[in-house]
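Per UniProt numbering, the very first residue in the sequence shown carries number 1; after that it's consecutive.
Where a beta carbon is used, it is the ideal one built from N, C-alpha and C, also for glycine.
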Amino acid sequence: MLESIIFTINQILPLLLVIGLGQLIFKLKIIDDNFIKQSNKYIFKAGLPIYLFFEIFNIASFNDINWWFIIYALGALIVIYLVGMIVVILTIKDRKQKAVVLQAAFRPNFGIIGVPLAKELGSLQASAHAAVLAAFLIPISNILSILSLSYYAPKDANNQSIKKVLLNIIKNPVIIGVLTGLVVLLLKPYLTFLQIDSTAPFLYKGIKMIASITTPFALLILGAGFRFKTNKVEGKSIVITVLLRNLISPVLILGITVLLHHYNILTFGEIGYPALIALSCAPSAVSTVSLAAQMKQDERLAGNIVVWTSIISIFVIVTVTMIFKYSGLI
């Protein structure tokens, strides 16, 4: 047990320290809201796409990707979405809060928290599989979020057509980065010039440098963006979302996965479990706030949900990591 505790502290605490530092430097007025806004733009449009490309590029072979794991993880996401939909219908009365709670409940902060977490808990292969999963997770999450927000949106809201949604997904820099990585991974055994680690080491090292600063910088800005303000009206919706995101999601996804492993029906080993922990335990995605604002939903509630699910996820991730390490699953 002591070994599991030490492992958990060493793997999780560095991420938490960087997030905490972000909040500290904001409180000390070293950075301001404008810096945070511009930094988030850089992370989304450049840093994160390059980071995910680099993770996928370093997979030994396209054949090393466990596609059954990818399908299973996406199925788990849809299950959480359906569970969240049922809970929202039964418990939330305010239409402007229904879709906000639903998208926050099923949509994890996978790019900023999930992939780095999978890397800390597993191997390079684990983070690479998490990066590949992001290629499918992000567009599916976007579509489900926008469909939910559109259904509950007021009449004067800026509802998006399916065509526009798909176009935005295709233009998403993160998707472009991941898909580029997959294409290069598939073709580089046949096209030697794509093997930039040997044919163009200067380019490889440059990409590696950008990729290496993306996670700490993104976590720093994530921490700096936390705002601790809420009210009694939002309290019920926040509690419901926290229960869905931080309790039901990990219990359901990881519980079923462990049972399948126990009965030798399906097992993913050290490659899949770190990514599944990241998928089920990561807090709500930061992008849920901007989507809520765009669709004239409760933007303030969305922001508070991100903060509270992030706080609670710390304890959930630590607990789950200790259990999985002690059980020998990671």
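- C-alpha of Arg107 to C-alpha of Pro201: approximately 37 Å in a straight line.
- With fewer than 16 other Cβ atoms inside 10 Å of its own Cβ, Gln38 counts as exposed.
- The continuous stretches of alpha helix (DSSP H) do not include Gln297, and DSSP gives it neither H nor E.
- Ser284 sits in a strand when the DSSP states are folded into three classes.
- A Cβ-Cβ distance of about 16 Å is found for the pair Ile213 and Tyr204, leaving them out of contact under the 8 Å criterion.
- Taking the Cα positions, Lys93 is about 39 Å away from Leu121.
- The distance from the Cβ of Val306 to that of Leu254 is about 22 Å, inconsistent with a contact at the 8 Å cut-off.
- Each residue's CA atom was taken as its position, placing Ala134 and Leu74 some 10 Å apart.
- Taking the C-beta atoms as reference points, Glu234 is found no nearer than 7 Å to Asn142.
- Per DSSP, Gly223 is one residue of the alpha helix (DSSP H) stretching across Pro201 to Ala224.
- Secondary structure of Pro116 (DSSP, three-state): helix.
- By the criterion of a C-beta distance shorter than 6 Å, Ser249 is surrounded in its chain by Ile80 and Ser280, once the five residues flanking it on both sides are discounted.
- Here DSSP, grouped into helix, strand and coil, assigns Pro189 to coil.
- Of all C-beta pairs linking the region 288 to 301 to the region 251 to 267, fewer than three are shorter than 8 Å, placing the two stretches out of contact.
- In this structure Ala218 is not in contact with Leu77, their Cβ atoms being roughly 21 Å apart against a cut-off of 8 Å.
- Taking a cut-off of 8 Å on C-beta distances, the region 110 to 121 touches the region 5 to 15, as three or more cross pairs fall below it.
- Residue nearest to Ser127 within the set Leu90, Ile170, Asp64 and Pro139 is Asp64 (criterion: CA-CA distance).
- For the set Ile59, Val100, Leu222 and Ile175, the Cα lying nearest the Cα of Ile240 is the one of Val100.
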